[in-house]
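**Student:**
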Amino acid sequence: MSSRPFLEIAHGPYLQEVTTNGATFAFQTSNPSFSFIELKKKGEIQSNNYSGSQHGLKQADATFFAIRAEELQPNTTYQYRIHAKEIKSFQPYKVVFGDSIASPWYTFRTIDPEQKGGSIFITSDMHSNPKLLKNLLERCDYQTCTSFFYAGDMMNYMTENGEHPFTSFIDTSVELFATSIPFEFVRGNHETRGNMARIFPSFFPKQNGKIYGSYLMGDVMVIMLDTGEDKSDTHPVYAGLTDFDNYRSEQARWLEKIVKSKEFKKAKYRIVISHFPLVADKEWEKGTTWKGCQDASQKFLPILNRAGIDLIVAGHTHRFFYHEPGESGNQCPVLEQGAMCATRLDLNDGKIHIKVIGKNGEALLNKTLK
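Each step along the sequence shown adds one to the number in the UniProt record's numbering, with nothing skipped, and position 49 is 49.
(1) List the DSSP bridge partners of MET217.
(2) Considering only residues of the same chain and omitting the five flanking positions on each side of GLY218, which have a CB-CB separation below 8 Å?
(3) Going by the beta-carbon positions, is the gap between GLY292 and LYS231 smaller than 7 Å?
(4) Since TYR78 and LYS41 are thought to touch, with beta carbons under 8 Å apart, how far apart are those beta carbons, to the nearest angstrom?
(5) Identify the continuous alpha helix (DSSP H) that holds SER124 and give its terminal residues.
(6) With H, G and I counted as helix, E and B as strand and the rest as coil, what does DSSP make of ARG68?
(7) CB-CB under 8 Å to LEU241, same chain, minus the five flanking residues each way: which ones, in chain order?
(8) First and last residue of the beta strand (DSSP E) that includes PRO13?
(9) Three-state secondary structure (DSSP) at ASP233?
(10) Kindly provide the ranges of any alpha helix (DSSP H) runs that are 4 or more residues long and lie completely inside the segment 75–147, ordered along the chain.
(11) Can you tell me whether ALA84 is buried or exposed? The criterion is at least 16 other CB atoms within 10 Å of its CB, across all chains shown.
(12) Whose C-alpha, out of THR317, LEU347 and ALA339, is nearest the C-alpha of ARG123?
(13) Please report the Cβ distance between PRO277 and THR234, rounded to the nearest whole angstrom; I am assuming they are in contact, meaning their Cβ atoms lie under 8 Å.
(14) Could you give the distance in angstroms between the alpha-carbon of PRO165 and the alpha-carbon of TRP105?
(15) Taking the alpha carbon of residue 385 as the point to measure from, which residue in PHE108, PRO32, SER249 and THR76 has its own alpha carbon closest?
(16) Going by C-alpha distance, which of LEU364, SER147 and SER249 is nearest VAL222?
(17) On the three-state DSSP scale, how would you describe VAL334?
(18) Could you round the C-beta distance between ILE312 and SER274 to whole angstroms and report it? I think they count as a contact, below 8 Å.
(19) In angstroms with no decimal places, state the Cα-to-Cα distance between LEU7 and ALA296.
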């Protein structure tokens with residue numbers, strides 16, 4: 001990214017991995033800087049500063065920052081703002097600073113461990129179409145959603161001087177909600193492609209250092225699976241540079257543990273989000289065997305079938321399709337969505353109401369799981 005004449009917050013802030021006692025604040029400055037977050041409880045004067053540091057060094061002379069604040073209080077409203085100081089020159093014994101700026105104050109709330117249910121927005125396969133994403137968020141009444149998940153392929157490729165996560169979907173998320181409510185990202189196969197794909201996870205930092213994981217919101221647990229590429233690791237287009245078969249085996253071992261955890265067993269609602277649907281009907285397969293999809297299904301679906309999952313939500317196929325339990329080797333419903341539609345889940349009183357809405361506002365599915 002080329003420097004600009006003056007320092008500014010170029011992208012963000014957007015929240016990541018907000019928990020009962022912590023939050024990550026991600027943003028990018030226009031020029032290399034030293035930046036930190038000022039954080040306080042809403043309505044209070046006293047504040048604390050947080051800056052990203054590793055191995056005894058504070059992050060500096062950088063443009064992208066992902067700063068974690070811990071030891072927060074559950075179900076508490078906080079205010080935060082960014083402070084940035086431009087670094088003009090960074091020598092071993094002399095640092096020359098430039099302009100200093102501060103962002104407006106933003107507000108967010110930590111997770112309530114006693115939260116009951118919620119309203120979840122899910123979409124995928126926007127393929128760098130922020131206008132469509134904004135339309136679908138508005139169609140799903142995003143202002144009343146409590147959490148947001150992107151199920152992959154929000155971009156086409158991750159290449160230098162090409163598409164960028166900010167312009168593809170992050171900036172739109174920031175404009176509408178992401179300064180106050182986080183979104184969680186489930187990687188699709190298109191985000192694994194391109195010479196910059198290996199830095200893609202840094203935009204969505206997790207404390208466990210992984211892309212896959214689980215997210216607990218009161219009595220709701222969402223499991224996020226990273227299904228990798230749809231073709232075999234040996235396919236010529238990957239040039240021998242992928243290792244998704246082993247990666248999916250690693251995830252399967254993790255998945256076996258998470259579905260046996262106390263948090264999972266205690267959760268009233270158990271949702272899985274995966275880019276690949278993990279099931280396939282003959283209409284979609286049309287005689288073609290997608291080795292990566294097949295490997296993901298073989299490794300993940302048997303575990304999920306035994307675990308008592310309420311719903312699997314996926315993308316990838318660029319269509320709306322609803323698999324009833326038992327139709328395709330699945331013990332729970334599987335929903336394929338995204339591309340030209342989005343999903344809103346309203347969880348309340350032990351029920352999951354599913355509404356899939358098309359780009360023109362048409363209801364493709366209106367169904368309640370009991």
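Note that CB positions come from ideal geometry on N, CA and C, so glycine has one too.
**Tutor:** So, from the listed chains and residues:
(1) The partner list for MET217 (beta bridge, DSSP) reads VAL220.
(2) ILE111, ASP112, PRO113, GLU114, GLN115, LYS116, GLY117 and GLY118
(3) yes
(4) 6 Å
(5) Per DSSP, SER124 belongs to no alpha helix (DSSP H) and is neither H nor E.
(6) Here ARG68 sits in strand by DSSP.
(7) none
(8) 9–16
(9) Residue state, collapsed to three classes: coil.
(10) The segment 75–147 contains these whole alpha helix (DSSP H) runs: 130–139.
(11) buried
(12) Note that residue 123 is Thr in the sequence shown, not Arg. Residue ALA339 is the option with its Cα nearest to THR123.
(13) Actually they do not touch by this definition, with Cβ atoms about 23 Å apart.
(14) Inter-residue distance for PRO165 and TRP105 is about 24 Å (C-alpha atoms, whole angstroms).
(15) This structure does not reach residue 385, given that the chain is present from 1 up to 370, and the question cannot be answered.
(16) SER147
(17) strand
(18) By a beta-carbon distance limit of 8 Å, ILE312 contacts SER274. Their separation comes to about 6 Å.
(19) 45 Å
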